[in-house]
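Asks: Under our numbering, residue 438 is the last one in the sequence shown; the count climbs by one each step, no gaps.
First the structure, then my questions, so here it is.
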Amino acid sequence: MSSKLTPKQEKFCQLYVETGNASEAYRQAYNSNSKAAAVDAKKLLDTPKISLRVQDLQEALEEKALWRRIHSVKILAEIAQASEKDADRVSAVKALNAMHGWDKQVIDHTSTDGSMTPVDKVTIEVIGAPEHQGD
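The structure is reproduced here in structure tokens:
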């Protein structure tokens with residue numbers, strides 16, 4: 304048994320990793336409009352050589368994304384430390400904070416005894432800000 308993938312199998316693996324949708328990857332790779340695409344895609348993913356190739360592609364993608372993140376952090380850190388312009392330094396620090404999720408504000412709406420814990424999600428829609436009147 305050969306462990307080489309056919310061109311369609313390789314395309315399926317690439318598309319699956321790219322889209323995250325096995326059925327859609329199957330339809331595109333095999334040029335199929337089959338209603339059984341989900342079943343066929345599942346069978347492919349259960350094949351050891353396919354699942355190993357998908358895993359290899361996912362690991363390569365994660366490594367590439369990690370390298371880009373590390374590279375971005377290094378560049379922004381250099382700007383934040385070396386720039387003579389305060390605005391550039393502030394912008395670099397803001398970008399670093401956003402990359403790490405440190406710019407998010409979390410508000411806890413529960414009381415210490417739990418009596419005022421929200422039960423339902425509430426959506427607040429801002430329709431428009433009032434226009435600023437001159438003082």
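Just so it is clear, CB atoms sit at the ideal spot from N, CA and C, and this is done for glycine as well.
1) Determine contact between the region 387–404 and the region 363–379, defined as no fewer than three beta-carbon pairs at a distance below 8 Å.
2) Exposed or buried, what is SER414 when buried is set at 16 or more other beta-carbons lying within 10 Å of its beta-carbon?
3) In this structure, how does DSSP classify LEU360 when only helix, strand and coil are distinguished?
4) Specify the secondary structure class of TYR329 as computed by DSSP and reduced to three states.
5) Let me know the secondary structure DSSP gives ASP416 once reduced to three states.
6) Under a three-way DSSP split, which group does SER439 fall into?
7) Roughly how many angstroms separate the alpha carbons of GLN331 and LYS407, rounded to a whole number?
8) Suppose you measure from the CA of LEU335 to the CA of ASP343; what does that come to, to the nearest Å?
9) Go through its chain and collect everything with a Cβ distance to THR322's Cβ below 7 Å, but skip five positions before and after it.
Replies: Well, looking at it:
1) yes
2) Result: exposed.
3) Correct three-state label for LEU360: helix.
4) helix
5) coil
6) An answer regarding residue 439 cannot be provided, because it is not within the stretch 304 to 438 covered by the chain.
7) 39 Å
8) For the sequence presented, residue 335 should be read as Ser rather than Leu. Roughly 10 Å between the two C-alpha positions.
9) ALA328
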